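Position 135 (the sequence shown) corresponds to 150 in our numbering; numbering is contiguous.
Single-structure report; data block below.
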Amino acid sequence: MSTPSTIHYAAPARRRPRRLMRSGTVLAATTLLAFGAAGQSWASTPILRWTTNAPTPVSTLTLPMSVDSAPDASGVYFAYYTTLESGTRPYAGLQPKPVDANGNRVLQAVFSSFNADATTTDDHCTYGADGGAGVSCAVRFRYTPGTMYSLVLKRAGATGATQLMTGDVVETATGAAVAHIGSFGLPSASGRFKNADQGFIEPYLAAGCGQRITVTYGKPVGTEAGVAHTGSLPTVTDPSSGSCLSTASQTTSRGQQVTVTGNAAPVAPEPAAD
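In structure tokens, the structure reads:
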């Protein structure tokens with residue numbers, strides 16, 4: 016699995032590059048690649064299903080989620096797959112991380128493409144995705160448990176043969192900018208986001224199999240030509256076999272709350288991130 020070569024922190028945290036350690040910051044596996052440490056693949060992890068209810072593909076996706084309770088450690092990835100009109104599939108999501116050097120709680124936001132034609136000049140991004148072709152982008156930001164943050168993914172425009180894809184984090188309630196995840200180019204024929212897709216909850220490190228995390232999913236929003244379409248709450252289902260995680264879901268006033276529980280013994284906490 017490949018990772019960006021530096022960690023970027025969103026303002027107001029200090030923007031200090033730091034070499035990634037594979038044990039703590041490795042990005043999640045894809046549908047086609049088995050997860051090595053725990054012997055899992057995407058197909059055997061809890062599956063997320065979501066829709067915007069838009070009548071057509073959309074140029075902007077807004078995907079809300081709050082991390083309500085989690086250990087301050089790496090191990091589990093809450094990811095959304097998105098499919099463009101051409102069939103290429105960018106993905107994005109959130110990963111709890113160790114506290115930073117000042118004791119602040121941290122999430123890492125990810126936005127990546129496995130398209131061999133992806134290009135980037137964004138300093139939050141590097142070439143490669145899980146050991147294969149593509150581009151991987153990531154940023155870390157301080158978060159407050161229970162606060163809803165939205166991943167905002169855009170087909171930001173097309174120039175000639177290339178379209179620009181951008182990923183950002185905003186505070187859902189206010190729309191205030193929180194962090195820029197990254198951006199990359201794809202062939203213009205890739206098109207817009209389809210109005211519905213899936214996702215996964217993955218123990219991308221063996222440590223994730225010993226964690227318990229509660230998140231709340233909000234309603235996805237798809238925007239096209241200035242018109243926003245709000246979907247229904249996502250659903251999460253467990254695979255019939257193969258996962259070290261189980262989920263329990265309930266609908267609350269804030270959204271679809273999902274508690275993920277690993278079946279392994281908890282591991283020792285990681286040291287604070289630099």
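Think of the CB as a built atom: it goes at the ideal place given N, C-alpha and C, for glycine as much as any other residue.
Just so it is clear, the structure is predicted and the values come from calculations on it, not from any experiment.
CB contact flag (residue i, residue j, <8 Å)
i: residue 176; j: residue 205; result: no
i: residue 83; j: residue 120; result: no
i: residue 61; j: residue 262; result: yes
i: residue 128; j: residue 199; result: yes
i: residue 72; j: residue 207; result: yes
i: residue 266; j: residue 68; result: no
i: residue 112; j: residue 155; result: yes
i: residue 126; j: residue 107; result: yes
i: residue 210; j: residue 97; result: no
i: residue 275; j: residue 228; result: yes
i: residue 242; j: residue 77; result: no
Own chain, CB closer than 7 Å to residue i, minus 5 neighbours either side, in chain order
i: residue 64; result: 213, 249, 250
i: residue 218; result: 53, 55, 90, 91, 224, 259, 260, 277
i: residue 132; result: 201, 202
i: residue 93; result: 80, 108, 109, 216, 230
i: residue 222; result: 88, 89, 90, 282
i: residue 101; result: 204, 205, 206
Opening and closing residue of the beta strand (DSSP E) in which residue i lies
i: residue 155; result: 147-157
i: residue 186; result: 177-186
i: residue 83; result: 75-84
i: residue 171; result: 163-174
i: residue 197; result: 192-202
i: residue 218; result: 211-218
i: residue 237; result: 236-239
i: residue 243; result: 242-245
i: residue 208; result: Where residue 208 is concerned, there is no enclosing beta strand (DSSP E), given that its DSSP letter is neither H nor E.
i: residue 94; result: 91-96
Own chain partners of residue i with C-beta closer than 6 Å, once the 5 adjacent residues on each side are dropped
i: residue 277; result: 224, 225, 226, 259, 260
i: residue 169; result: 75, 181
i: residue 195; result: 183
i: residue 161; result: 81, 83
i: residue 48; result: With a pLDDT of 29 at residue 48, under the threshold of 50, the modelled position of this residue cannot be trusted; read the value that follows with caution. 145, listed in sequence order.
i: residue 103; result: 130, 205
i: residue 23; result: 139, 154
i: residue 171; result: 179, 181
Residues that DSSP places opposite residue i in a beta bridge
i: residue 272; result: 231, 265
i: residue 252; result: 62
i: residue 293; result: Outside the shown range of the chain (16 to 289) lies residue 293, about which nothing can therefore be said.
i: residue 141; result: 151
i: residue 111; result: 122
i: residue 223; result: Per DSSP, none; premise fails for residue 223.
i: residue 134; result: 200
i: residue 277; result: 260
Cut-off 8 Å between Cβ atoms - residues of its own chain near residue i, not counting five sequence neighbours on either side
i: residue 159; result: 120
i: residue 254; result: 58, 59, 60, 61, 62
i: residue 191; result: 185
i: residue 239; result: 69, 71, 72, 73, 74, 75, 207
i: residue 280; result: 225
* Are the segment 155-174 and the segment 134-142 touching by the rule of at least three beta carbon pairs closer than 8 Å? -> no
* Asked: Counting pairs of Cβ atoms below 8 Å between the segment 263-277 and the segment 228-243, do you hit three or more?
  -> yes
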